[in-house]
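There are 2 protein chains.
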Amino acid sequence: MNPRERSFWGWGWADRFPDEEARRSLAEQAGAMLGTKPPDPAAPPRLEGIALPRPVVAPPPELAAFSGAGAAERIAHTWGKSYGDLVRGFAGDFSLAPDFVVRPRGEEELERTLAWCSRQGVAAIPFGGGTSVVSGVERPPRESRFAAAVSIDLGALDRVAEVDEVSRAARIQAGATGPALEAQLAGHGLTLRHYPQSFEFSTLGGWIATRAGGHFATLYTHIDDLVESVRMITPGGVWQSRRLPASGAGPSPDRLALGSEGILGVITEAWVRVQARPRWRASAGVFFAEHAAAVDAARAIAQAGLYPANCRLLDPVEARMNLVAGDGSSVLLLAFESADHALDGWIGHALAIASAHGGRCPDGPVLREDGAQAAAAQSWRAAFFAAPYLQTALVSLGVIADTFETACTWDRFARLHEAVGAAVREAAVRACGSEGILACRFTHVYPDGPAPYYTFVAPGRRGAELEQHAAIKRAASEALSSCGATITHHHAVGRLHRPWYDRERPAPFAQALRAAKSALDPAGILNPGVLID
Amino acid sequence: MNPRERSFWGWGWADRFPDEEARRSLAEQAGAMLGTKPPDPAAPPRLEGIALPRPVVAPPPELAAFSGAGAAERIAHTWGKSYGDLVRGFAGDFSLAPDFVVRPRGEEELERTLAWCSRQGVAAIPFGGGTSVVSGVERPPRESRFAAAVSIDLGALDRVAEVDEVSRAARIQAGATGPALEAQLAGHGLTLRHYPQSFEFSTLGGWIATRAGGHFATLYTHIDDLVESVRMITPGGVWQSRRLPASGAGPSPDRLALGSEGILGVITEAWVRVQARPRWRASAGVFFAEHAAAVDAARAIAQAGLYPANCRLLDPVEARMNLVAGDGSSVLLLAFESADHALDGWIGHALAIASAHGGRCPDGPVLREDGAQAAAAQSWRAAFFAAPYLQTALVSLGVIADTFETACTWDRFARLHEAVGAAVREAAVRACGSEGILACRFTHVYPDGPAPYYTFVAPGRRGAELEQHAAIKRAASEALSSCGATITHHHAVGRLHRPWYDRERPAPFAQALRAAKSALDPAGILNPGVLID
Chain A
1 MNPRERSFWG
11 WGWADRFPDE
21 EARRSLAEQA
31 GAMLGTKPPD
41 PAAPPRLEGI
51 ALPRPVVAPP
61 PELAAFSGAG
71 AAERIAHTWG
81 KSYGDLVRGF
91 AGDFSLAPDF
101 VVRPRGEEEL
111 ERTLAWCSRQ
121 GVAAIPFGGG
131 TSVVSGVERP
141 PRESRFAAAV
151 SIDLGALDRV
161 AEVDEVSRAA
171 RIQAGATGPA
181 LEAQLAGHGL
191 TLRHYPQSFE
201 FSTLGGWIAT
211 RAGGHFATLY
221 THIDDLVESV
231 RMITPGGVWQ
241 SRRLPASGAG
251 PSPDRLALGS
261 EGILGVITEA
271 WVRVQARPRW
281 RASAGVFFAE
291 HAAAVDAARA
301 IAQAGLYPAN
311 CRLLDPVEAR
321 MNLVAGDGSS
331 VLLLAFESAD
341 HALDGWIGHA
351 LAIASAHGGR
361 CPDGPVLRED
371 GAQAAAAQSW
381 RAAFFAAPYL
391 QTALVSLGVI
401 ADTFETACTW
411 DRFARLHEAV
421 GAAVREAAVR
431 ACGSEGILAC
441 RFTHVYPDGP
451 APYYTFVAPG
461 RRGAELEQHA
471 AIKRAASEAL
481 SSCGATITHH
491 HAVGRLHRPW
501 YDRERPAPFA
511 QALRAAKSAL
521 DPAGILNPGV
531 LID
Chain B
1 MNPRERSFWG
11 WGWADRFPDE
21 EARRSLAEQA
31 GAMLGTKPPD
41 PAAPPRLEGI
51 ALPRPVVAPP
61 PELAAFSGAG
71 AAERIAHTWG
81 KSYGDLVRGF
91 AGDFSLAPDF
101 VVRPRGEEEL
111 ERTLAWCSRQ
121 GVAAIPFGGG
131 TSVVSGVERP
141 PRESRFAAAV
151 SIDLGALDRV
161 AEVDEVSRAA
171 RIQAGATGPA
181 LEAQLAGHGL
191 TLRHYPQSFE
201 FSTLGGWIAT
211 RAGGHFATLY
221 THIDDLVESV
231 RMITPGGVWQ
241 SRRLPASGAG
251 PSPDRLALGS
261 EGILGVITEA
271 WVRVQARPRW
281 RASAGVFFAE
291 HAAAVDAARA
301 IAQAGLYPAN
311 CRLLDPVEAR
321 MNLVAGDGSS
331 VLLLAFESAD
341 HALDGWIGHA
351 LAIASAHGGR
361 CPDGPVLRED
371 GAQAAAAQSW
381 RAAFFAAPYL
391 QTALVSLGVI
401 ADTFETACTW
411 DRFARLHEAV
421 GAAVREAAVR
431 ACGSEGILAC
441 RFTHVYPDGP
451 APYYTFVAPG
461 RRGAELEQHA
471 AIKRAASEAL
481 SSCGATITHH
491 HAVGRLHRPW
501 YDRERPAPFA
511 QALRAAKSAL
521 DPAGILNPGV
531 LID
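Chains as they are written, first to last, in the working numbering: chain A, 1 to 533; chain B, 1 to 533.
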């Protein structure tokens, strides 16, 4: 049997791309939803038909044993998985293909690669799962000072190398994907319990480099909080922090590696905090007639010190799209998880707060003690991981479909939400002739603010989708920025978010980061153009 | 009435230094405890008798309006409050007095100060509460390239400037002390709930610069986690991060400011996360015959997802010193706090875990609902804040008394604890002719490790205490370092911990930090010698 193949242009496994009939059916639905005639399912690209630019450099002898310069390899490492990447991929545009791909089998080969790139002035682009949605894994433009570029694929470093069951920690190589590392931890009864939407394909190293957010709403869900120590190869030497539960010794080195997006070094492994697999679960869906009341309830729960695993507030559009409520209600999905104790008290307190804010929970809470998730949670997670496949299918129909996310303090949310809605609708009307659809949910809640996550869908015009999408994305980003929200809560910066990131960060911090990079990567080869120039 | 005066050489309020009779009584106790004859209470120094070095520079006209060069001012800003500082202060040694002290009343005056220092090559030492125990607020040696130095006292910036009751956040100036900011927050029913041992005198800016640890055992207790945004004046410009509950936009700027110990800039204010004042409290003391079983219980509770406010494990020596148990038991002090809900369930689960590890809780849990702390917690906090006064009194008797603290993963604790005990006892015998006393408690517990806090007491020889102490401190620090623990969990690095900090941090991180400093502080005037050279 051949190994299952990933789509060379779209999200995930190639065999999950819907067939002609399924796409026609999806087109009908999309047309009905957008009030347009059903879009036309164009034929997907064929690998054989892709024209690639000639490489400027070939693998040198010292890298040849672990390099590949074949078309399929170069194509698979050209783009990430942003909306624009999917559109370009679907159109057969792989004009930014790297010259070749290296796949180091250990740190020595990685060091050799960085040394060669530094000597030759070749851009070195770290590549984990290739799931960046912010142009974080593509080479710089050919007209930049980097005519040549190699993609450094960490996929060969995919092992859980060590498990400390006493401290509940594991040393895991950076190229391990979510399923790969969870399978290896499961043998110890442990889990990293980190589920970004890209979980199936993204890697530990990528999560650390981009400060990934897991799908739990509170406490230990960001990879930032799960990292105990980081090992990173820089052109200037090995960056290895000590395994520590906490330290007050100077600024945290790990926190500088976290979010460095490949510009300071290539992460090769990390000690991460793992957990016992949950046994008790308690969950409930709470319905609100008014969205503002639901927001207040989510805030009160976030500030109560209960720390739910989920506190996911769906606005009426999101609730309708997810078939959770079709009557204009907002829905708050609450869940608690524990490996240690039953959760009746926890969900009881949370429901009391929701009820005090006018929420109705007609079915009462669901309590389980067998380690299994409630059916609603299972179907939610399946839908969550399926969403990028749906986006890929919509791209093939010429429909514009994307998400963006942010975080802001509670006092600013109402104004932000209004501003984002107005900006996106206006931009969609201008670019697409239709308001399209905009849905919002909270993915995470903090005592001082929520992380709102927006999905927008609008009718595209074949060939014009990139500009249409860019206009909407720009309007949304301007709204976030002008309302004091962050340009990204967990999607990272890459090249896509640079203009707004540059405004958001303190100017002296940019100077400090630039200086740090010059010290560690004097040739400036690592992921040029990402985060800083 | 005169304002209450701080001791010019010892900890805290001058009027709390014990009189002759009280010191004789303390000397009796110390002698009995150490098995020596009662040490002799020497006379404390008199301010009038202090000989100060001549200043090299005087306040220039542009700084004169907010500068002071009087003896009392210079003396008060010479040292922090480490053991060595107390010994030097008691001996009347203020040889490292700054040339003068500036007390900016706003950011413009601070900027003017930094500009002048940069132009003149004068060292600029940020000074909050002056409670550093790691030589973090003293000028560099006169034989360094800085012949002149000014102390920058942030004390005039002490206001809670803004409160956002919806998001539970407050904008607070960096020079506000614990009591000052809590008094201002109390009017809103809010609290920062951050209680380092230096609480009475240390400041928000100092806490951020040194990554202070509060006295709660889990979750939001470190200032790191309470900071929403930081404002810092650097010679290279204003560093202002955006108020955000979370962000994934590049490495966190706040996390580089946190722990920067004054070498990158001077923090002037921060938005911090505040909380409703707790109403419910549940607490219990659990006794263990075996320390190892108590450690396992603390670990199990730390890994259970219960998040106690206190999970303070006292070893038998600590339990005896604190009059909690005199029979060789280890004692685990547990407490939960909430502003939202009763805590019966929480303490019940924690006690069940403790009991499963052989712990006995003869009195059962104490539950309160009136916002008041149980008597045991109140007396603990009073003793906690009184400990530095006791150290000062012991210094006046020539007794060596100090603390050090660390953090390590659970798997390493047993070996670390043994190594620290052996190292300290051996060094004490060699330096003091007596093993002295060594006590240990856990101040914080994390899912992956504890933060052990050690107190040691040994008989000193008048005039030799600094070397005797240094020998013990060095032995302890070597033990921490060689066992893979951190050189400091919340006391910071300063100058005192530099040798071990230099070994602990990743070498490329040191390069990055040095480069960042050069970019922001090209003249290198800010706190020279702290963290890096």
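Using N, Cα and C, we set each Cβ at its ideal position, and we do this for glycine too. Please read these numbers as outputs of a predicted model, since none were measured by experiment.
request  = Name, in chain order, the residues that DSSP records as bridge partners for P245 of chain B.
outcome  = The sequence position of residue 245 of chain B within the second sequence is 245, counting from 1. DSSP, once it has assigned bridges, lists no residue as partnering P245 of chain B.
task = In angstroms with no decimal places, state the Cα-to-Cα distance between V366 of chain B and R281 of chain A.
result = Here residue 366 of chain B refers to the residue found at position 366 when the second sequence is read from its first residue. Here residue 281 of chain A refers to the residue found at position 281 when the first sequence is read from its first residue. For V366 of chain B and R281 of chain A, the distance between alpha carbons rounds to 29 angstroms.
ask   = How big is the Cα-Cα spacing for A407 of chain B and R503 of chain B?
value = One-based indexing of the second sequence puts residue 407 of chain B at position 407. One-based indexing of the second sequence puts residue 503 of chain B at position 503. Roughly 16 angstroms separates the two Cα atoms.
ask   = Can you name, in chain order, every residue of its own chain whose Cβ lies under 6 angstroms from the Cβ of P253 of chain B, other than the five neighbours on each side?
value = By 1-based counting over the second sequence, the position of residue 253 of chain B is 253. Taken in chain order, the residues that qualify are S241.
query = For a contact meaning CB atoms closer than 7 angstroms, what does Q303 of chain B contact in chain A?
reply = The residue labelled residue 303 of chain B in the question sits at position 303 within the second sequence. Those within 7 angstroms of Q303 of chain B in chain A are R168.
query = At least one CB of chain A closer than 9 angstroms to the CB of H490 of chain B: is that the case?
reply = Position 490 of the second sequence, counted from the first residue, corresponds to residue 490 of chain B. By this cut-off, H490 of chain B is an interface position.
inquiry  = Does F509 of chain B come out as helix, strand or coil in the three-state DSSP assignment?
reply    = Mapped onto the second sequence, residue 509 of chain B falls at position 509. Here F509 of chain B sits in helix by DSSP.
query = Would you say the region 100 to 118 of chain B touches the region 148 to 157 of chain B, given that touching needs at least three Cβ pairs under 8 angstroms?
reply = yes
ask   = For the region 244 to 276 of chain B, which residues have a beta carbon sitting closer than 8 angstroms to at least one beta carbon of chain A?
value = L244, P245, A246, S247, G248, A249, G250, P251, S252, P253, R255, L256, A257, L258, G259, S260, E261, L264, G265, R273, Q275, A276
query = Going along chain B in order, which residues have a C-beta closer than 8 angstroms to the C-beta of E138 of chain A?
reply = Residue mapping note: residue 138 of chain A aligns to position 138 of the first sequence, counting from 1. Correct list: empty, because the minimum Cβ distance to chain B is about 18 angstroms.
inquiry  = Considering only DSSP beta bridges, list what S283 of chain B is partnered with.
reply    = Your numbering for residue 283 of chain B matches position 283 in the second sequence. B:A335, B:V366.
key: Beta-carbon neighbours of R505 of chain A, restricted to chain B and to distances below 9 angstroms   = By one-based count along the first sequence, residue 505 of chain A stands at place 505. The answer, in chain order, is S241, R242, A249, G250, P253.
ask   = DSSP three-state call for I400 of chain A: helix, strand or coil?
value = Mapped onto the first sequence, residue 400 of chain A falls at position 400. In this structure, I400 of chain A counts as strand in the three-state DSSP scheme.
key: Contact list for G178 of chain A against chain B, beta-carbon separation under 8 angstroms   = By one-based count along the first sequence, residue 178 of chain A stands at place 178. Those within 8 angstroms of G178 of chain A in chain B number zero; the least Cβ separation is about 17 angstroms.
request  = Can you give me the Cβ contacts of G189 of chain A inside the same chain, cut-off strictly under 7 angstroms, excluding the 5 residues immediately before and after it?
outcome  = Residue numbering aside, residue 189 of chain A sits at position 189 when the first sequence is read from its first letter. Hits under 7 angstroms: A276, R277.
ask   = Which of the three DSSP states, helix, strand or coil, is assigned to Q275 of chain B?
value = Position 275 of the second sequence, counting from 1, holds the residue named residue 275 of chain B. If DSSP states are grouped into helix, strand and coil, Q275 of chain B belongs with the strands.
ask   = With a cut-off of 9 angstroms, does the C-beta of D153 of chain A fall near any C-beta of chain B?
value = Start at 1 with the first residue of the first sequence, and residue 153 of chain A comes out as number 153. Chain B contact via Cβ: absent.
key: Near-chain B residues of the region 324 to 347 of chain A - C-beta to any C-beta below 7 angstroms   = S338, D340, H341, G345
task = Quick one: give me the first and last residue of the beta strand (DSSP E) that Y446 of chain A is part of.
result = Mapped onto the first sequence, residue 446 of chain A falls at position 446. Where Y446 of chain A is concerned, the enclosing beta strand (DSSP E) stretches over 437 to 446.
Cβ pair G205 of chain A, H194 of chain A closer than 9 angstroms = As a first step, residue 205 of chain A is located in the first sequence; it is residue number 205 there, counting from the start. As a first step, residue 194 of chain A is located in the first sequence; it is residue number 194 there, counting from the start. For G205 of chain A and H194 of chain A, no; Cβs fall outside 9 angstroms.
request  = Compare the C-alpha of H497 of chain B against each of B:C440, B:E261, B:D370 and name the closest.
outcome  = One-based indexing of the second sequence puts residue 497 of chain B at position 497. Minimum Cα distance to H497 of chain B is reached at B:E261.
inquiry  = In whole angstroms, give me the CA-to-CA distance for E465 of chain B and S434 of chain B.
reply    = Walking along the second sequence from the start, residue 465 of chain B turns up at place 465. Walking along the second sequence from the start, residue 434 of chain B turns up at place 434. Each residue's alpha carbon lies about 14 angstroms from the other.
key: Interface residues of the region 209 to 226 of chain B facing chain A [CB-CB below 9 angstroms]   = T210, R211, A212, G213, L219, Y220, H222, D224
task = Assign K37 of chain B to one of two classes, buried (16 or more other C-beta atoms within 10 Å of its C-beta) or exposed (fewer than that).
result = Stepping through the second sequence from its first residue, residue 37 of chain B is reached at position 37. K37 of chain B comes out exposed.
inquiry  = So for D93 of chain A, helix, strand or coil by DSSP?
reply    = Counted from its first residue, the first sequence places residue 93 of chain A at position 93. Looking at D93 of chain A - three-state DSSP - the assignment turns out to be coil, as it is neither helix nor strand.
message = Given this structure, state the Cα-to-Cα distance separating A289 of chain A from E28 of chain A, to the nearest angstrom.
response = For the purposes of this step, residue 289 of chain A is taken as residue 289 along the first sequence, with counting starting at 1. For the purposes of this step, residue 28 of chain A is taken as residue 28 along the first sequence, with counting starting at 1. Near 30 angstroms, if we compare the C-alpha coordinates of E28 of chain A and A289 of chain A.
ask   = Do the CB positions of F413 of chain A and V295 of chain A come within less than 9 angstroms of each other?
value = For the purposes of this step, residue 413 of chain A is taken as the residue at position 413 of the first sequence. For the purposes of this step, residue 295 of chain A is taken as the residue at position 295 of the first sequence. Cβ distance < 9 angstroms, so F413 of chain A and V295 of chain A count as in contact.
ask   = Excluding five sequence neighbours on each side, which residues of the same chain lie with their C-beta closer than 6 angstroms to the C-beta of H357 of chain B?
value = Translated into positions along the second sequence, residue 357 of chain B becomes position 357. Correct list, in chain order: A293, D296, A297.
query = Candidates B:E478, B:F509, B:P508, B:D225: which alpha carbon is nearest P613 of chain B's?
reply = Absent from the model: residue 613 of chain B. The displayed extent of chain B is 1 to 533, so no value can be given.
ask   = Which residues, in chain order, does the region 459 to 489 of chain A contribute to contact with chain B at a C-beta distance below 7 angstroms?
value = G484, T486, I487, T488, H489
Short CB-CB distance (under 9 angstroms) between M321 of chain B and chain A = Translated into the one-based positions of the second sequence, residue 321 of chain B becomes position 321. M321 of chain B does not count as touching chain A.
query = In the DSSP assignment, what are the bridge partners of T191 of chain A?
reply = In the first sequence, the residue the question calls residue 191 of chain A occupies position 191. Partner(s): A:Q275.
inquiry  = Contact between the region 230 to 245 of chain A and the region 264 to 276 of chain A is defined here as three or more beta-carbon pairs at a separation below 8 angstroms; is this criterion met?
reply    = yes
Assigned exposure category for A186 of chain A - 16 Cβ within 10 Å defines buried = To locate residue 186 of chain A, count along the first sequence from 1; it is residue 186. Answer is exposed; the Cβ neighbour count stays below 16.
ask   = For Q29 of chain A, which of helix, strand or coil comes out of DSSP?
value = Position 29 of the first sequence, counted from the first residue, corresponds to residue 29 of chain A. Reduced to three states, the DSSP call for Q29 of chain A is helix.
query = Is the CB of L520 of chain A under 9 angstroms away from at least one CB in chain B?
reply = Taking the first residue of the first sequence as 1, we reach residue 520 of chain A at position 520. Interface residue, yes.
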